[in-house]
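Per mature numbering (1 follows the signal peptide of the UniProt record, and there is no 0), the sequence shown runs over residues -21 to -1, 1 to 571.
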Amino acid sequence: MAESFILFIYLFCGGKPTVLTCNPTLVARILEIPQYLHEAGWTARGRVVACTQPRRVAATTVAQRVADEMRVQLGMEVGYTIRFEDCTDPGGKTRIKYMTDGMLFREALMDPLLSKYSAIMLDEAHERSLYTDILMGVLKKILKKRPELRVIISSATLDAEAFAAFFSTNKTPDDASLDNTAILSVQGRMYPVDIHYLAEPSSDYIETAIQTVFDIHTKEPAGDILVFMTGREEIEQVVNEIRERATTLPPNKYAEILALPIYAGLAPEEQMLVFELPERGVRKVIVATNVAEASITIPGIGFVVDTGFVKIRAYNPRTGIEALTTTSISQASAEQRSGRAGRIRNGKAYRLYTEQCFHNDMRVASVPEIQRSNLAGMVLQLKALGIENVLRFEFMTSPPAEMMSKALELLYSLKALDEYGRLTIPLGMRLAEFPLDPLLGKILLDSEKFGCGQEMLTIAAMVSVQGPHNLSSCISGQGARYDETQDASTMIRKCLVSGYFAQAAKIAPDGTHWTSVRESSTPRFSSLPGYTPTKLWMHPTSILFKQAPKWVIFHEVVETSQAKAFMREVSVIEPEWLEELAPHFYQIKKQP
């Protein structure tokens, strides 16, 4: 029996407001379920079916594939909305709408009951992204006022009982699954996948991945290869290296290799190339981030190369720094990756780590994003939604108290909250309305005061839109020179300090690295007690890489596999500006 038909039984006959689809193999759910609801009349009379994804690349590619299957133009009956891009019909003809989970939450700020939606599907719930977790709490509240709404929680590795208990209105845990939640567990067809581990750990997983690709290509039968890397830089490096080495293979002995990347920030037309069938005699090698674990399904994959790593954002409440760090995947993610090789036939998965590492070193499941992220933006938006006491909000998994405390502290220092923790008007509300990090929103709002509105818009756009370019390469390509002494830059940099004062760093006495001003014990500043100074380095792509400015602010920190923390998007500042613009944040020590 098809999953869509079973869903129909539960939605129309069972009358359950919440449906949990638990299926480790049937990845077509995200394509089929919204279409079936559309055909069954859930989009009649102007109603819309919403489907969320944790990642933009998944929202856009899935929307395109559904539009193709329905033989309609993307942006009409089927559309998508991601940050800074709305591909839906302005006239309201869109009936199936794909979007990131963050965009649906932002819609709730304008329409707290999400009244235009008849059904809302949260896909990839097992990833426990920040906004998917928040949406579950919001939707639980909405269901109390809109019992006709249908909520579908869909995932490949869903802990169904825990989710059922969360949405249950019963007081007795034993009755949770019998209350207002239906659990679907449909077993799709899955071919056997042989798992291969390394005998010894690899010191260079990138090179090992490339070698494994060519071992498969020269020794295994036909079948496309899916390689998991951590991010754009690694993906581009691997794709270029595969393309170069492929030219050295005997043309008459081996099939041609077509190496393609897929990651967030890649142009939509380039993303769609991975779904096209290759010509006869050509083997596709897709190099992807973890978006290919479950969010999208690439046809023809017979082999998977799993490096065992993923890049995530991790926030340290003691230092106040959120870093983009490379870490080991969970066992659940490893199983998801391996399963991609068994969709169309017997497959093979090459795990570039030892079996002992899998069983002893990897977590069983990934840590929910809400337990490792900077929560300032989330708290701000919950306040704007009318939830004054965010500590009592019903989270699927409660965030650490220290992280909530630091989020409230930062928002107070930005003057988005008053001393009672209430949203300030108009500043706090305006910050909540921006689809941006609160720090970026603050510099945009302050730009009028500093006379640099256009410059702040440009900066906000550059750091918000993921793409393959950086400022250093753009300037070099135009033959321009960077001059930090320009008089016009002073007001721009002071405006940046008005938002990024918490992310200031001072060079160490030996000039080898920087330390966060917030946590360093310099003669002029002292921060909150208990901090241990963190060493920071200038990112090699920064214009300031070969310089040694004494005081800087930074947009983000990226950690390497060697646990070295690099600052990116860095600006030179004067220490007096911190005293002038953020005296409420830093405890100033007078020099003796």
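The C-beta atom is built at its ideal place from N, Cα and C for all residues, glycine as well.
**Request:** Run the CB neighbour count on F504, radius 10 Å, all protein chains shown included, and call it buried at 16 or more, exposed below.
**Result:** Reading the sequence shown from its first residue, position 525 is the one you call residue 504. Because F504 sits at a pLDDT of 42, beneath the cut-off of 50, its placement in the model cannot be relied upon, and the following sentence gives the value as read from the coordinates. That one is buried.
**Prompt:** For the candidate residues Y479, K263, I486, T209, whose alpha-carbon lies nearest to that of I422?
**Reply:** As a working mapping, residue 422 is identified with position 443 in the sequence shown. Ranking the options by Cα distance to I422, first place goes to Y479.
**Request:** Output the distance between the C-alpha atoms of residue 574 and D173, rounded to the nearest integer angstrom.
**Result:** There is no way to answer for residue 574, as the model of the chain reaches only from -21 to 571.
**Request:** For C66, name the three-state secondary structure that DSSP assigns.
**Result:** Here the question's residue 66 lines up with position 87 in the sequence shown. C66 falls in the strand class under three-state DSSP.
**Asked** Below 9 angstroms between beta carbons: does that hold for M382 and N353?
**Response** Walking along the sequence shown from the start, residue 382 turns up at place 403. Walking along the sequence shown from the start, residue 353 turns up at place 374. Contact: yes.
**Request:** May I ask you to report which of helix, strand or coil DSSP gives W516?
**Result:** Start at 1 with the first residue of the sequence shown, and residue 516 comes out as number 537. Strand at W516.
**Item:** In chain order, each alpha helix (DSSP H) run of at least 4 residues that lies wholly inside the stretch 8 to 32
**Value:** Those alpha helix (DSSP H) runs which fall completely within the stretch 8 to 32 and span 4+ residues are 8 to 18.
**Request:** For N159, name the three-state secondary structure that DSSP assigns.
**Result:** The count along the sequence shown starts at 1 and reaches residue 159 at position 180. N159 sits in coil when the DSSP states are folded into three classes, being neither helix nor strand.
**DSSP three-state assignment for M375, whether helix, strand or coil** = The sequence position of residue 375 within the sequence shown is 396, counting from 1. Reduced to three states, the DSSP call for M375 is coil.
**Item:** Residue of G202, A243, H196, L245 minimising C-alpha distance to I221
**Value:** Walking along the sequence shown from the start, residue 221 turns up at place 242. The residue among G202, A243, H196, L245 with its C-alpha nearest the C-alpha of I221 is H196.
**Message:** As a quick exercise: from F372, G281, A313, E249, pick the residue whose alpha carbon is nearest that of K120.
**Reply:** The count along the sequence shown starts at 1 and reaches residue 120 at position 141. Taking only the C-alpha atoms, the option nearest K120 is F372.
**Prompt:** Where do the ends of the beta strand (DSSP E) carrying residue 587 lie?
**Reply:** What is shown of the chain runs -21 to 571, which leaves residue 587 out entirely.
**Message:** Quick check: the stretch 478 to 495 against the stretch 511 to 522, are at least 3 beta-carbon pairs closer than 8 angstroms?
**Reply:** The stretch 511 to 522, when compared against the stretch 478 to 495, does touch it at the 8 angstroms Cβ threshold.
**Asked** Near L361, what residues of its chain come up, given a Cβ to Cβ distance below 7 angstroms and the 5 sequence neighbours on each side ignored?
**Response** For this step, residue 361 is matched to residue 382 along the sequence shown. Counting only Cβ-Cβ distances below 7 angstroms, and skipping sequence neighbours, we find V369, F372.
**Message:** Less than 8 angstroms between C-beta atoms, sequence neighbours within five positions excluded: which residues of the same chain meet that for L331?
**Reply:** Locating residue 331 in the sequence shown gives position 352, where the first residue counts as 1. In chain order, L177, S181, Y184, T187, A188, T191, V284, D285, T286, G287 place their CB closer than 8 angstroms to the CB of L331, counting only its own chain and leaving out the 5 sequence neighbours on each side.
**Message:** Looking at I323: is its Cβ nearer than 9 angstroms to the Cβ of P278?
**Reply:** For the purposes of this step, residue 323 is identified with residue 344 of the sequence shown, where counting begins at 1. For the purposes of this step, residue 278 is identified with residue 299 of the sequence shown, where counting begins at 1. Yes; because the gap between Cβ atoms is below 9 angstroms, this pair is in contact.
**Item:** Per-residue burial, P562 [other beta carbons within 10 Å of its own, 16 or more giving buried]
**Value:** Here residue 562 refers to the residue found at position 583 when the sequence shown is read from its first residue. So P562 counts as exposed.
**Item:** Same chain, Cβ closer than 6 angstroms to N325, five either side skipped, listed in chain order
**Value:** Locating residue 325 in the sequence shown gives position 346, where the first residue counts as 1. Only Y170, P171 meet the Cβ criterion.
**Request:** Select from A484, L16, D102, L387 the residue whose C-alpha is nearest the C-alpha of H534.
**Result:** Taking the first residue of the sequence shown as 1, we reach residue 534 at position 555. When only C-alpha atoms are compared, the closest one is A484.
**Prompt:** Does the count of Cβ pairs from the stretch 17 to 35 and the stretch 72 to 82 closer than 8 angstroms reach three?
**Reply:** Three or more Cβ pairs drawn from the stretch 17 to 35 and the stretch 72 to 82 lie within less than 8 angstroms of each other, which places the two stretches in contact.
**Request:** Evaluate N269 with the Cβ neighbour count: other Cβ atoms within 10 Å of its Cβ, from every protein chain shown; 16 or more gives buried, anything less gives exposed.
**Result:** Stepping through the sequence shown from its first residue, residue 269 is reached at position 290. With a threshold of 16 other beta carbon atoms within 10 Å, N269 meets it and is buried.
**Request:** Indicate whether the contact test is met: 3 or more Cβ pairs, each with one atom in the stretch 249 to 269 and one in the stretch 34 to 44, closer than 8 angstroms.
**Result:** Counting Cβ pairs under 8 angstroms, three or more are found: they touch.
**Item:** Range covered by the beta strand (DSSP E) that runs through F533
**Value:** Counting from one through the sequence shown, the residue named residue 533 turns up at place 554. That run of the beta strand (DSSP E) goes 530 to 538.
**Asked** So, helix, strand or coil for L303, using DSSP?
**Response** Translated into positions along the sequence shown, residue 303 becomes position 324. For L303, the secondary structure class from DSSP, reduced to helix, strand or coil, is strand.
**Segment contact, 8 angstroms Cβ cut-off, at least three pairs: the stretch 78 to 94 with the stretch 46 to 55** = Result no; under three Cβ-Cβ pairs closer than 8 angstroms.
**Asked** In terms of residue numbering, what span does the alpha helix (DSSP H) encompassing Y479 cover?
**Response** Within the sequence shown, residue 479 is the residue found at index 500, counting from 1. Boundaries of the alpha helix (DSSP H) around Y479: 468 to 479.
**Message:** Between the alpha carbons of K198 and V266, how many angstroms are there, rounded?
**Reply:** As a first step, residue 198 is located in the sequence shown; it is residue number 219 there, counting from the start. As a first step, residue 266 is located in the sequence shown; it is residue number 287 there, counting from the start. Distance from the CA of K198 to the CA of V266, rounded to the nearest whole angstrom, comes to 20 angstroms.
**Message:** Under DSSP, the alpha helix (DSSP H) around Y110 begins and ends at which residues?
**Reply:** One-based indexing of the sequence shown puts residue 110 at position 131. First-last of the alpha helix (DSSP H) with Y110: 109 to 124.
**Message:** For a test of the three-state rule: what should DSSP assign to G430, helix, strand or coil?
**Reply:** Residue numbering aside, residue 430 sits at position 451 when the sequence shown is read from its first letter. In the structure shown, G430 sits in coil (DSSP, three-state: anything other than H, G, I, E or B).
**Asked** For the candidate residues G356, I532, S443, whose alpha-carbon lies nearest to that of F84?
**Response** Residue mapping note: residue 84 aligns to position 105 of the sequence shown, counting from 1. Nearest C-alpha to F84 among G356, I532, S443: G356.
**Prompt:** Is the stretch 106 to 125 in contact with the stretch 343 to 350, if contact means three or more CB pairs nearer than 8 angstroms?
**Reply:** Segment contact: the stretch 106 to 125 against the stretch 343 to 350, three or more CB-CB distances shorter than 8 angstroms; contact assigned.
**Request:** Leaving out five residues on either side along the sequence, give the residues of the same chain with a beta carbon under 6 angstroms from the beta carbon of L237.
**Result:** Counting from one through the sequence shown, the residue named residue 237 turns up at place 258. Closer than 6 angstroms at Cβ, skipping near neighbours: P257, V261, K263.
**Message:** Buried or exposed, going by whether 16 or more other CB atoms sit within 10 Å of the CB of V476?
**Reply:** Start at 1 with the first residue of the sequence shown, and residue 476 comes out as number 497. Buried.
**Message:** For T539 and R297, what's the separation of their Cα atoms in angstroms?
**Reply:** What you label residue 539 is simply residue 560 of the sequence shown in a count that begins at 1. What you label residue 297 is simply residue 318 of the sequence shown in a count that begins at 1. T539 and R297: Cα-Cα distance of roughly 20 angstroms.
**Prompt:** Going by Cα to Cα distance, which pick from Q526, S521, I471, S468 is closest to I486?
**Reply:** Along the sequence shown, read from residue 1 onward, the residue named residue 486 stands at position 507. Measuring C-alpha to C-alpha distances from I486 to each of Q526, S521, I471, S468 identifies Q526 as the nearest.
**Request:** Would you mind reading off the limits of the beta strand (DSSP E) that contains Y399?
**Result:** Translated into the one-based positions of the sequence shown, residue 399 becomes position 420. DSSP places Y399 in no beta strand (DSSP E); its state is neither H nor E.
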